[in-house]
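A.B. asks: Sharing a structure, written as structure tokens. Questions coming.
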Amino acid sequence: MNLEIKTSPSGAELTSIKYNSKELLHQGSSVLDENGTVYWKRHAPILFPIVGSLKDNTTTINGKNYQMSQHGFARDMEFDIVKISEREHEYVLKYNEDTLKKYPFKFELYISYLVNNNELTVKYRVKNLDNKVMYFGIGGHPAFKIDLKDDNDYQVEFEKNEDEIKFYQLDKGLITYDNTYINRSLLSNNCIKIGNDTFAHDAIIMSGLKSRKVRLMKNNINMLEFDFTGFKYLALWSKNKAPFLCIEPWYTTADYIDSNQVFEEKKDNIKLDSGKEFECSYKIAFY
């Protein structure tokens, strides 16, 4: 099999993607800069039950205040193994006393990884086990290895003409209405070029996309194709001069700077009725 993956119960996170024996996923805390500092300790975290940051890391749910750090708690929790085989890995996170202190809903979150030839499908499934409506956000955050040294030229290419794209800018982790740094000039010939200073002002967050797929290209050669069908937002992120690029499909975003912090009113939050399930998935083809 040309495509091989490894995952961990810790955060149900992908820890390795090898295609034709070549590692393509950022290797987390083992990757150091010239000063011996870890660039970013993660590989491909799951963002749940929020994407991005809450205003003051606080939200109000059913009239009570709750604290939650950036991207939610799922990425830092131990999942139970449902199934591990050569082609499929599946995990589940079930609500418990600790999650209820941060997020007062009874849920099950399933994460599955399915390998088929050169394609990897990542699927999220959320069950509302509560007797009330459940609100949440969800998204992916996989980091792919790149090397911006020498004359390597990386770009993300959209499948369709993106003449209605909308960019969002972050201010201390929150969505702002100021687009001083993030604007349409990022997009040239339907591509976003990835350089050492592309993310000097944090992530590039986009909506209004006609494309359902993007391609990551190195020196005009396809590395991978990323299918984010169903997701409203697509984000790109890295750290300056870091040897990875995150391609992130999101259903929701961080709070806006003027958020009223009421979770039930949070923009784009998914509303799931009692006893119902929500599913979404993204797919990556490697070349």
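Quick note: the sequence shown, position 127, residue 123 per this note's numbering, numbers continuous.
Where a beta carbon is used, it is the ideal one built from N, C-alpha and C, also for glycine.
Quick one: what's got a C-beta closer than 8 angstroms to ASN16's C-beta in the same chain, skipping five residues either side?
C.D. replies: Contacts found: ASN(-2).
A.B. asks: Tell me whether the beta-carbon of VAL118 lies closer than 8 angstroms to the beta-carbon of SER270.
C.D. replies: Against a cut-off of 8 angstroms, the Cβ pair of SER270 and VAL118 comes out as no contact.
A.B. asks: With a threshold of 8 angstroms, are at least 3 pairs of Cβ atoms found where one atom belongs to the segment 62 to 72 and the other to the segment 91 to 108?
C.D. replies: Verdict: yes, contact present.
A.B. asks: Less than 8 angstroms between the beta carbons of GLY133 and VAL47, yes or no?
C.D. replies: Yes.
A.B. asks: Tell me, which residues are paired with TRP36 by DSSP?
C.D. replies: Looking at the DSSP assignment, TRP36 forms no beta bridge with any residue, so it has no partner.
A.B. asks: Could you tell me which of CYS242, ILE188 and GLU273 sits nearest to TYR35, measuring between CA atoms?
C.D. replies: When each option's Cα is compared against that of TYR35, the closest is CYS242.
A.B. asks: Can you find the residues in the same chain that come closer than 6 angstroms, C-beta to C-beta, to SER255, ignoring five residues on each side of it along the sequence?
C.D. replies: Correct list, in chain order: LYS51.
A.B. asks: Looking at ASN236 and ALA199, is the spacing between their C-beta atoms short of 8 angstroms?
C.D. replies: Result no, Cβ atoms of ALA199 and ASN236 do not sit closer than 8 angstroms.
A.B. asks: Whose CA, out of GLU115, GLY191, GLU0 and GLU160, lies closest to the CA of ASN148?
C.D. replies: Of the candidates GLU115, GLY191, GLU0 and GLU160, the one whose C-alpha sits nearest the C-alpha of ASN148 is GLY191.
A.B. asks: On the DSSP bridge assignment, give the partners of ASN(-1) in chain order.
C.D. replies: Correcting the residue type first, residue -1 is Leu in the shown sequence and not Asn. DSSP, once it has assigned bridges, lists TYR15 as partnering LEU(-1).
A.B. asks: Jot down the residue ranges of each uninterrupted beta strand (DSSP E) in the segment 199 to 248, minimum 3 residues, whole runs only, in chain order.
C.D. replies: Runs found: 200 to 203, 209 to 214, 217 to 223, 229 to 233 and 240 to 246.
A.B. asks: Does the pairing of the segment 156 to 165 with the segment 258 to 268 give three or more beta-carbon distances under 8 angstroms?
C.D. replies: No, the segment 156 to 165 does not touch the segment 258 to 268.
A.B. asks: Less than 8 angstroms between the CB atoms is what I'm expecting for GLU86 and TYR106, so what's the real figure, rounded?
C.D. replies: Between TYR106 and GLU86 the Cβ distance is about 7 angstroms, and since that is below 8 angstroms, they are a contact.
A.B. asks: Evaluate TYR173 with the Cβ neighbour count: other Cβ atoms within 10 Å of its Cβ, from every protein chain shown; 16 or more gives buried, anything less gives exposed.
C.D. replies: Exposed, since its Cβ has fewer than 16 Cβ neighbours within 10 Å.
A.B. asks: Express the C-alpha separation of ASP167 and ARG211 in angstroms, rounding to a whole number.
C.D. replies: Going from the Cα of ARG211 to the Cα of ASP167 covers about 28 angstroms.
A.B. asks: What is the residue span of the beta strand (DSSP E) that ASP167 lies within?
C.D. replies: Taken as a continuous stretch (DSSP letters only), the beta strand (DSSP E) holding ASP167 covers 162 to 167.
A.B. asks: Got a sec, what are the start and stop residues for the alpha helix (DSSP H) ASP143 sits in?
C.D. replies: ASP143 -> no alpha helix (DSSP H), and no H or E assigned at all.
A.B. asks: I need the straight-line Cα distance from LYS262 to ASP146, nearest angstrom please.
C.D. replies: Distance between the alpha carbons of LYS262 and ASP146: 44 angstroms.
A.B. asks: Give me the residue from PRO41, GLU84, ILE13 and GLY135 with the minimum Cα distance to PHE274.
C.D. replies: Of the candidates PRO41, GLU84, ILE13 and GLY135, the one whose C-alpha sits nearest the C-alpha of PHE274 is GLY135.
A.B. asks: Once you ignore the five residues that flank LEU170 on each side, which residues in its own chain have a CB closer than 7 angstroms to its CB?
C.D. replies: Answer for LEU170: SER49, LYS51, ALA250, ASP251, TYR252 and ILE253, listed in chain order.
A.B. asks: Apart from the five residues on each side of it in sequence, which residues of its chain come closer than 7 angstroms, Cβ to Cβ, to SER25?
C.D. replies: Around SER25: VAL34 and LYS37.
A.B. asks: Measuring CB to CB, does PHE222 end up less than 8 angstroms from TRP246?
C.D. replies: Contact flag unset, no.
A.B. asks: Could you please give the first and the last residue of the uninterrupted beta strand (DSSP E) stretch that includes GLU273?
C.D. replies: Note, GLU273: beta strand (DSSP E), 273 to 282.
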